[in-house]
Amino acid sequence: MAAVPVSLPVVYLIQETLLPESMQVHVAEVFMSGLLQPVSSQGEIVQYEFVEGVRDLLVDSVPIPDVDAVLEEVSQYIARKFGIYIKNFTALLSADFKWDKVTQQKIMPFAQITTQVLHRLGGEYATLAEHLERISSHSSDASIDIELEPFDFEVATIELKQTGWLRKETELIINRHQQQADGFTQDLGNGIELEMVAIPEGSFIMGSPKTEEGHSNSESPQHQVTVKSFFMGKYPITQAQWQAVAALRQVKTELKPNPSYFKGKDRPVEQVSWYDAVEFCERLSQYTKRPYSLPSEAQWEYACRAGTTTPFHFGETITTDLANYNGNYTYGSGSKGKYVKETTPVGSFGVANEFGLYDMHGNVWEWCADHWHSHYQGAPTDDSAWQYDNENYNYQRLLRGGCWVISPLYCRSGSRHKSYPAFGHLDTYIGFRVMCGCAWTL
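The end of the sequence shown is residue 1159 by this note's numbering, with every number in the run present.
This is how it looks when you write it as structure tokens:
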């Protein structure tokens, strides 16, 4: 029972197929034990959930072959109920586009609970769960409609103007204009909100040309990537947002309620590992019933460039008047600026890119979903995360965007960095932002 959603039909199924010697009194003892509480009803069928923590304890105590047997029996029962043919229980864990929304919604509790159980079992089961969640996050794009609201913002671009005697001096002119985009606001409770921006579908050239200052071989070869529409966090995740989600029900791992070194509710959360960021996304998904995750590297760069091909979405150079990086260093025709030696509140520079995203250059490095690859040979041509098939705890993960402590050279749209997934909690310059794969209506 701990491996699947609990209702009387499911309990009777397990009793009939796996525990034929049990009696009705045993069923009654389960429901009267205080370990279950009703959470919803579908017509005359009441759904139950275990008291928090009980499911994990029960799963840990059940032999894996027994868990397999329960998953297979219940998945086949659900498939028969909806007239679906499946080969095994894994086929029921990600929504099929051929299924209607009612079917997807009724199967969703089974998929959510089963992936939680697989994570708990560890090893190959946990790897399978991560693979199925990635499939599910793409499959559910069309299953959750979101009504968009427009918002206004200011975009800044840098113009380089030659001045002085024989035009040997370069003046940086910051041009600003108003822009409008669409998005939605996710309520996290207690007045804390998460603003998400609609990123339109399209294609772009990923990577940087060899002629670009600071170009690395890891940014080659340039290649065209097609990106589906999605939502991206308007800002890096803040400490207030982190604290709200860290207080939610645990999915796999514990989260520190306040891990950041530079304190401030509107500052980006930092000192978080890749695993911490993934747990944040899973708790957020569980709470909102929407598919949140880390962006793929392709999604991140597409969102950062917002139609530009220059080193920064600001243009050919960057200035500390527009972003938080180490101003002791310059890029291109730029000049030295401030070095504040700490993170700054998200959005504090007041300017976004053409999509309406803030702080894509500098402040904190941002985790992406992908494993690190030292070049783009063989990279996906769609927006999927580039993952190794054989999961390894020590495989490095992608970081994008640069940070407050580093040269602007590493804050470029095409610049790539890496770190071990468990090490982010040691760094005051690593954070993340989230994406959400949902359909929307205007």
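By construction, the Cβ of each residue, glycine as well, lies at the ideal position given by its N, Cα and C atoms. Model, not experiment: these values are computed from the prediction.
Closest residue to residue i among the options (Cα-Cα distance)
i, options, result
"Phe901", "Ala873, Phe1031, Glu910", "Glu910"
"Ser933", "Ala961, Tyr1004, His1092, Gln1104", "His1092"
"Tyr1112", "Trp1089, Gln1016, Cys1128", "Trp1089"
"Ala994", "Pro1138, Pro737, Gly1064", "Pro1138"
"Glu936", "Gln1104, Met923, Thr1034", "Met923"
"Gly751", "Ser739, Tyr1004, Tyr1105, Glu766", "Glu766"
"Pro1097", "Pro938, Met740, Phe868, His1142", "Pro938"
"Pro1015", "Gln1003, Gln1104, Phe868", "Note that residue 1015 corresponds to Ala in the displayed sequence, not to Pro. Among Gln1003, Gln1104, Phe868, the Cα nearest to that of Ala1015 belongs to Gln1104."
"Thr1027", "Leu753, Gly931, Lys951", "Gly931"
"Cys1241", "Tyr1004, Thr1036, Asp1106, Lys951", "As displayed, the chain neither begins before 718 nor continues past 1159, which places residue 1241 out of reach and without an answer."
Cβ shell of residue i (< 6 Å), same chain only, five flanking positions each side left out
i, result
"Ala1086", "Leu1011, Ser1013, Ala1102"
"Phe979", "Glu1059, Thr1060"
"Ile689", "Residue 689 lies beyond the residue range present for the chain, which begins at 718 and ends at 1159; the question has no answer from this structure."
"Glu886", "Thr880"
"Gly1032", "Thr874, Ile875"
"Arg893", "Glu871, Ala873"
"Cys1128", "Tyr1042, His1078, Gly1079, Gly1119"
"Arg1000", "Val962, Leu965, Val968"
"Tyr1004", "Leu965"
"Pro737", "none"
Cβ-heavy atom distance, residue i to the ligand MN, below 8 Å
i, result
"Lys878", "No copy of the ligand MN appears in this structure; indeed no ligand is present at all."
Inter-residue spacing [alpha-carbon to alpha-carbon] between residue i and residue j
i, j, result
"Arg1114", "Lys1006", "26 Å"
"Phe1066", "Glu871", "10 Å"
"Pro755", "Glu769", "13 Å"
"Ala963", "Gln988", "14 Å"
"Trp695", "Glu888", "The question about residue 695 has no answer, for the chain in this structure spans 718 to 1159."
"Ile863", "Pro780", "41 Å"
"Val742", "Leu972", "41 Å"
"Ser811", "Ala1069", "At Ser811 the pLDDT is 48, less than 50, meaning the model places this residue with poor confidence and gives no usable figure here."
"Glu746", "Leu1116", "51 Å"
"Cys1155", "Trp1017", "17 Å"
"Thr955", "Gly1095", "35 Å"
"Asn975", "Pro1008", "24 Å"
"Ile803", "Pro782", "In this prediction, Ile803 has a pLDDT of 47, which is less than 50 and means its spatial position is unreliable; what the coordinates show is noted afterwards. If I take the Cα positions, the gap works out to 20 Å."
"Gln941", "Ser1002", "30 Å"
"Asp869", "Leu774", "49 Å"
"Asp1106", "Pro867", "40 Å"
"Ser977", "Ala915", "28 Å"
"Leu809", "Met749", "Confidence at Leu809 is low in this model, with a pLDDT of 46, below 50, so the placement of that residue is unreliable and no value is reported for it."
"Trp959", "Leu753", "30 Å"
Same chain, Cβ closer than 7 Å to residue i, neighbours up to 5 away in sequence not counted
i, result
"Pro917", "Ser946"
"Pro953", "Pro985, Val1063, Asp1076, Asn1080, Val1081, Glu1083, Gly1148, Phe1149, Arg1150"
"Asn907", "Ala961"
Neighbourhood of residue i by C-beta distance below 8 Å, restricted to the same chain and skipping five residues each side
i, result
"Ala957", "Ile909, Lys982, Asp983"
"Trp1121", "Asn1041, Tyr1042, Asn1043, Val1057, Lys1058, Glu1059, Thr1060, Thr1061, Gly1079, Asn1080, Val1081, Tyr1146"
"Glu1071", "Val872, Gln896, Ala1023, Gly1024, Thr1025, His1030"
"Leu1143", "Gln988"
"Thr1036", "Ile875, Leu889, Ile891, Gly1051, Ser1052, Gly1054"
Whole-Å CB distance - residue i paired with residue j, under 8 Å assumed
i, j, result
"Phe1029", "Ser1130", "6 Å"
"Met1077", "Gly1118", "6 Å"
"Phe1140", "Trp1084", "Their Cβ separation, rounded to whole angstroms, is 11 Å, which puts Phe1140 and Trp1084 out of contact at 8 Å."
"Met913", "Leu1074", "Contact doesn't hold; Cβ gap of about 10 Å is too wide."
"Leu1126", "Tyr1048", "6 Å"
"Tyr1046", "Ser920", "The pair is not a contact, with the Cβ atoms about 33 Å apart (cut-off 8 Å)."
"Asp1099", "Thr943", "6 Å"
"Asp899", "Leu865", "4 Å"
Residue-chain proximity (residue i, chain C), Cβ-Cβ < 9 Å
i, result
"Gly1119", "No chain C is part of this structure, which consists of one protein chain only."
* Asked: Just checking, does the region 1050-1057 make contact with the region 1131-1147 on the three C-beta pairs under 8 Å criterion?
  -> no
* To do: Decide yes or no for the touch test of the region 923-938 against the region 963-977: beta carbon pairs closer than 8 Å, at least 3 of them.
  => no
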